Amino acid sequence: MFFIVGITNGAHDLGVRKCGFFPCCSANGAMALVTCTFQQFTFFFLPLFRFSKRYFVTCPNCGAVYELSADEGKRVEKDYTVEIDPRKMYIIQGAYRRTCPNCNCPVDPNCNYCPNCGANLR
Numbered sequence: 001m002f003f004i005v006g007i008t009n010g011a012h013d014l015g016v017r018k019c020g021f022f023p024c025c026s027a028n029g030a031m032a033l034v035t036c037t038f039q040q041f042t043f044f045f046l047p048l049f050r051f052s053k054r055y056f057v058t059c060p061n062c063g064a065v066y067e068l069s070a071d072e073g074k075r076v077e078k079d080y081t082v083e084i085d086p087r088k089m090y091i092i093q094g095a096y097r098r099t100c101p102n103c104n105c106p107v108d109p110n111c112n113y114c115p116n117c118g119a120n121l122r
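Note that full-length UniProt numbering gives residue 120 to position 120 of the sequence shown, counting from 1, and the numbers run on in steps of one.
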């Protein structure tokens with residue numbers, strides 16, 4: 001008799017949630033994407049249970065990635081209206097500062113042209 005078992009990785013977006021404050025760029029009250037990653041045990045390719053859940057928040061202004069504490073992640077996953085507590089976020093990947101390749105002036109991530117020299121940024 002054969003048993004097919006395995007452990008797979010997975011991720012799913014929990015949607016956007018309001019965050020009180022992002023320390024990376026001082027954004028207040030921004031709506032940020034929350035993602036949950038996990039591993040799951042499978043038996044005959046059917047998932048039985050999940051473990052090692054981790055929750056991540058991405059800053060909408062600068063792209064910095066934060067990991068949420070486990071209790072805060074579970075709270076955010078269960079209640080769609082809850083606001084993320086910034087004291088329970090830990091930076092994983094630093095803020096990305098976009099600059100103009102022509103004049104090295106810092107520019108907004110959504111800009112198509114440099115506000116300083118007018119160079120095309122796309």
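Glycine included, C-beta positions come from ideal geometry on N, C-alpha and C.
Just so we're clear, the structure is a prediction, and the values are computed from it rather than from any experiment.
| Item | Value |
| --- | --- |
| Would you kindly work out how many angstroms separate the C-alpha atoms of residue 13 and residue 102, rounded to a whole number? | 36 angstroms |
| Which runs of the beta strand (DSSP E) at least 3 residues long sit entirely within the UniProt domain "Zinc-ribbon 15" (24-118)? Give them in chain order. | 27-43, 46-58, 65-68, 89-93 |
| Looking at C-beta atoms only, is the number of pairs between the region 28-38 and the region 57-68 that lie closer than 8 angstroms three or more? | yes |
| Under the assumption that residue 114 contacts residue 107 (Cβ atoms under 8 angstroms), give the Cβ distance between them as a whole number of angstroms. | 6 angstroms |
| By DSSP's criteria, residue 4 is part of a beta bridge. Which residues make up the other side? | Its beta-bridge partners do not exist; DSSP assigns none. |
| Let me make sure I understand the geometry here. Which of 23, 5, 62 has the alpha-carbon closest to that of residue 99? | 62 |
| Can residue 91 and residue 25 be called in contact, C-beta distance under 8 angstroms? | no |
| State the Cα-Cα distance for the pair residue 43 and residue 8, rounded to the nearest angstrom. | 11 angstroms |
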